[in-house]
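Taking it in order: structure first as structure tokens, then the write-up.
In my numbering, the protein residues as written are 546 to 833.
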């Protein structure tokens, strides 16, 4: 289909389109933009022209997907009416939306939430502190059994069952966390089973994920700090990245199967970038 026939066909397509006025206006603008590009570049509407068209424009993913939807619907319409011998959008790939960058919280904001957890809620305080200081998934923390702990002085660690049934060892490197863990263990009246248990009718049982989520949201709301429970894991990872810990180490720490998942944390804050550049500059200036 040449550019002239394209314009005529597009007008017919839009006249019969049963969509809202706003959608029709958007489709008209998108198809007109493509038609003008075909004219300027002396191209007919075909698969190679569409690939060149999208390659020539650095649109946001959402913008390209919107334009591609309009063009795909027009081409299907044209193919059904014999105006196009082949559908040129048939093998046209859509850009994927990148996953959002994980958002961690500053340590001082997390500490504000911990501050509202009363002293008699030692189980909650330890559970949430453990997730924050180790980056465990909440499901991993809830599945920790007493037998998974090794508190040998100077080599404190635990074993967790991660995604895909993969076990990994997690170093307990924060002294305050280790002390809180030892104190909590001394208060328990059981020697086996889950580390964190619910007390129901005088009997212990595993904590439910939903219950833990609700308790965390209660504390976060009370502290006036918007924060999901999973953000504790993100906060730990962000601290490690900003502290210069290698991505390979962070990957093992968090139990990621693929380094691409860990790379999502590599977008450090502007403040961290500035600090690192200033440190480099000072080092350069001291070099004779």
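Glycine included, every Cβ here is placed at the ideal spot set by N, Cα and C.
Considering only C-alpha positions, which residue in the set the options is nearest to residue i?
i, options, result
"residue 712", "702, 719 and 720", "702"
"residue 774", "802, 631, 828 and 687", "687"
"residue 706", "699, 615 and 715", "715"
"residue 811", "829, 779 and 824", "779"
"residue 724", "671, 681 and 758", "671"
"residue 685", "586, 554 and 753", "753"
"residue 771", "656, 598, 609 and 591", "656"
"residue 584", "600, 731, 548 and 602", "548"
"residue 696", "682, 708 and 731", "731"
"residue 573", "756, 611, 602 and 592", "611"
"residue 624", "826, 591 and 648", "591"
"residue 782", "829, 554, 648 and 830", "648"
"residue 758", "683, 666 and 553", "683"
"residue 654", "777, 819, 790 and 808", "777"
"residue 677", "603, 717, 804 and 831", "717"
"residue 789", "601, 587 and 820", "820"
"residue 663", "756, 570 and 760", "760"
"residue 635", "809, 828, 596 and 755", "596"
Is residue i helix, strand or coil when you go by DSSP?
i, result
"residue 629", "coil"
"residue 695", "strand"
"residue 706", "strand"
"residue 746", "Its pLDDT being 48, under 50, residue 746 is placed unreliably by the model, and nothing is read from it."
"residue 773", "coil"
"residue 737", "coil"
"residue 803", "coil"
"residue 564", "coil"
"residue 717", "coil"
"residue 602", "coil"
"residue 690", "strand"
"residue 778", "helix"
"residue 809", "helix"
"residue 796", "helix"
"residue 682", "coil"
"residue 651", "coil"
"residue 712", "strand"
"residue 551", "helix"
"residue 580", "helix"
Is the beta carbon of residue j closer than 7 Å to that of residue i?
i, j, result
"residue 722", "residue 689", "no"
"residue 658", "residue 729", "no"
"residue 629", "residue 546", "yes"
"residue 704", "residue 719", "no"
"residue 575", "residue 615", "yes"
"residue 580", "residue 551", "yes"
"residue 609", "residue 633", "no"
"residue 737", "residue 785", "no"
"residue 673", "residue 622", "no"
"residue 799", "residue 680", "yes"
"residue 792", "residue 807", "yes"
So residue i and residue j are in contact, right, with Cβ under 8 Å, and what is the actual spacing, rounded?
i, j, result
"residue 762", "residue 661", "So it is not a contact: roughly 12 Å between Cβ atoms."
"residue 650", "residue 613", "Actually they are not in contact, since the Cβ atoms of residue 650 and residue 613 sit about 37 Å apart, beyond 8 Å."
"residue 709", "residue 796", "Incorrect: roughly 14 Å between the Cβ atoms, too far for contact."
"residue 555", "residue 619", "6 Å"
"residue 751", "residue 742", "7 Å"
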